[in-house]
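Enquirer: Could you have a look at this structure, given as structure tokens, before my questions?
In mature numbering (1 follows the signal peptide of the UniProt record, and there is no 0), the protein residues as written are -28 to -1, 1 to 433.
Written as structure tokens, this is what we have:
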């Protein structure tokens, strides 16, 4: 569970997402008979949904850094007090637990958080009925903390139905299911406390969370947040807590956002992030007054990039975007997250205010060419490298855009600017094709690389 420091501790959890369909109730039928009397109960709904919720156990190795505390005092004289600070140590084995939700029973797809499976070499999925399956990573998006894994040889699974999270309202009832502290499947309930929340701790990530007061703790990450119909509305991801435990403030990735990313991973093997092409910030009272805007919330556009999707749709600096596809936009951070996870090439409707008047525009999102795919999701030997799709002068492949110093990728001899054009004599033109070949788990991998105009092979046993 990762921790981000603010005025309080924001702790990533471990729950999951659901995307397809499971036997569900058409309405929330809560009354049930007890001693001849009708009393409210979630049990009938949960009996249908719980088989689609899984516990995830991961094993792998992770690099650590030594500190001064690792140096015996008697040796400090020889090396100096700072000699070993932040020094890399050999990777250490780790084991972790989280949660997830089955979104496709036939194919065995399970959605969870990226931080649940990050650096995992082995993924085990445990069902409510006690069965265990091995699973493999299909793809992930660290910036939104969503990952998709696939159960190997799935049999007699149950899937969960995904709801339209854009229809949520503050005050709607919620139920969280997960595996807190490794105790096993646990159910808690609450309400939607807020929508479009950001933690303010992620400069690069995409946040537009559902806030709930359902009890969520370590191990719940990746598990589902559901409504009273037993439908997925979000993936439990993080909490705010001064001591690492439940404090009644939990965050979940909306199901619509997660579903967009999952479908891209299934289709392309990676996330094709959408790009609107604007810069801006949050609307405040002073900006609203200066630009004659009758609104208190929205995304203020300070700049429209040339030849961008926004420019082609007629958006201008000074506009205030207040809705996306008819759904209210509360902040620039919420707009950024929804656009980025919608996907390149998709058409959206933007509602904005200009000179006191409301206008609408259809915008076809462009591709964010700066989007990178982590090499750790492709091959352990390439950890520490980042990939981009490459297409230049008639040559297509997968470019290594950066290599972390001291990483397995650097130790293998990979360099920034290397372009992978083939694997085991099979042509590779994009990250999706590379992933499919590596998913077949070949006994040896020979990467055909272009480097400084030369053609070479790197063999990985």
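Just so you know, even glycine gets a beta-carbon here, dropped at the ideal spot from N, CA and C.
Go ahead and pull the three-state DSSP assignment for residue 232.
Expert: Residue 232: helix per DSSP, three-state reduction.
Enquirer: Per DSSP, residue 380 forms a beta bridge with which residues?
Expert: Its beta-bridge partners do not exist; DSSP assigns none.
Enquirer: By alpha-carbon positions, which one of 74, 73 and 112 ends up nearest to residue 92?
Expert: Closest option to residue 92, Cα to Cα, is 112.
Enquirer: Measure the C-alpha to C-alpha separation of residue 330 and residue 288 and round it to an integer number of angstroms.
Expert: Cα to Cα, residue 330 sits roughly 14 Å from residue 288.
Enquirer: Tell me the start and end of each unbroken alpha helix (DSSP H) in the region 265 to 335 that is at least 4 residues and wholly inside, in chain order.
Expert: You should have 281 to 284 and 304 to 314.
Enquirer: Buried or exposed: where does residue 342 fall if 16 or more other Cβ atoms within 10 Å of its Cβ makes it buried?
Expert: In this prediction, residue 342 scores a pLDDT of 44, lower than 50, which makes its location untrustworthy; the coordinate-derived value is nonetheless stated afterwards. Looking at its Cβ environment, which holds fewer than 16 other Cβ atoms inside 10 Å, residue 342 is exposed.
Enquirer: Alpha carbon to alpha carbon, what distance is there between residue 255 and residue 292?
Expert: Distance between the alpha carbons of residue 292 and residue 255 is about 8 Å.
Enquirer: Among 338, 337, 311 and 296, which one has its Cα closest to the Cα of residue 325?
Expert: Of the listed residues, the one whose Cα sits closest to residue 325 is 296.
Enquirer: Taking only the alpha-carbon atoms, compute the straight-line gap between residue 420 and residue 17 and give it to the nearest angstrom.
Expert: Distance between the alpha carbons of residue 420 and residue 17 is about 53 Å.
Enquirer: Work out the CA separation of residue 388 and residue 382 for me, nearest whole Å.
Expert: Near 9 Å, if we compare the C-alpha coordinates of residue 388 and residue 382.
Enquirer: Quick check: what's the CA-CA separation for residue 368 versus residue 386?
Expert: Distance between the alpha carbons of residue 368 and residue 386 is about 18 Å.
Enquirer: Between which two residues does the beta strand (DSSP E) harbouring residue 166 extend?
Expert: Run containing residue 166: 158 to 169, per the beta strand (DSSP E) assignment.
Enquirer: Pick from 25, 66 and 162: whose alpha carbon is nearest that of residue 102?
Expert: Comparing Cα-Cα distances from residue 102 to each of 25, 66 and 162, the minimum goes to 25.
Enquirer: Determine the burial state of residue 351: buried for a count of at least 16 other Cβ atoms within 10 Å of its Cβ, exposed for fewer.
Expert: Buried, because 16 or more other Cβ atoms sit within 10 Å of the Cβ of residue 351.
Enquirer: Where does residue 213 sit, in a helix, a strand or coil, going by DSSP?
Expert: Three-state DSSP puts residue 213 in a strand.
Enquirer: Helix, strand or coil, according to DSSP, for residue 153 in the structure here?
Expert: Of the three classes helix, strand and coil, the one that applies to residue 153 here is helix, per DSSP.
Enquirer: Quick one: is residue 377 buried, meaning 16 or more other Cβ sit within 10 Å of its Cβ, or exposed?
Expert: Classification for residue 377: exposed.
Enquirer: Work out the CA separation of residue 148 and residue 375 for me, nearest whole Å.
Expert: The alpha-carbon atoms of residue 375 and residue 148 are separated by roughly 39 Å.
Enquirer: Look at the alpha carbon of residue -5 and the alpha carbon of residue 405, and state the distance between them as a whole number of angstroms.
Expert: Its pLDDT being 36, under 50, residue -5 is placed unreliably by the model, and the measurement read from it follows with that caveat. Roughly 36 Å separates the two Cα atoms.
Enquirer: Let me confirm a value: residue 390 is counted as buried when at least 16 other C-beta atoms fall within 10 Å, else exposed. Which label applies?
Expert: Buried, because 16 or more other Cβ atoms sit within 10 Å of the Cβ of residue 390.
Enquirer: Short check: CB of residue 167 to CB of residue 140, under 9 Å?
Expert: Going by C-beta atoms, residue 167 is nearer than 9 Å to residue 140.
Enquirer: One question on the structure: do residue 301 and residue 227 come within less than 9 Å of each other, judged by their Cβ atoms?
Expert: No, the Cβ-Cβ distance between residue 301 and residue 227 is not below 9 Å.
Enquirer: Run through the DSSP bridge pairs and tell me what residue 262 is partnered with.
Expert: Answer is none; residue 262 lacks a bridge partner.
Enquirer: Would you kindly check if the distance between the Cβ of residue 416 and the Cβ of residue 384 is under 9 Å?
Expert: Against a cut-off of 9 Å, the Cβ pair of residue 416 and residue 384 comes out as no contact.
Enquirer: Between residue 157 and residue 69, is the Cβ-Cβ spacing less than 9 Å?
Expert: No; because the gap between Cβ atoms is not below 9 Å, this pair is not in contact.
Enquirer: Quick check on the DSSP output: what are the complete alpha helix (DSSP H) runs of length 4 or more inside the region 348 to 416, in order along the chain?
Expert: Counting only runs of 4 or more, we get 380 to 383 and 403 to 411.
Enquirer: DSSP state of residue 121, grouped into three classes?
Expert: Three-state result, residue 121: strand.
Enquirer: Only counting the same chain, and skipping five residues up and downstream in sequence, which positions put a Cβ closer than 7 Å to that of residue 426?
Expert: Correct list: empty, nothing qualifies.
Enquirer: Please report the Cβ distance between residue 131 and residue 76, rounded to the nearest whole angstrom; I am assuming they are in contact, meaning their Cβ atoms lie under 8 Å.
Expert: The Cβ separation is near 6 Å, so the contact holds.
Enquirer: Is it the case that the Cβ atoms of residue 28 and residue 96 are separated by a distance below 9 Å?
Expert: Contact flag set, yes.
Enquirer: Near residue 159, which residues of its chain fall below 8 Å by C-beta distance, leaving aside the five closest residues on each side in sequence?
Expert: So the list reads 14, 18, 22, 147, 148 and 149, once near-sequence residues are dropped.
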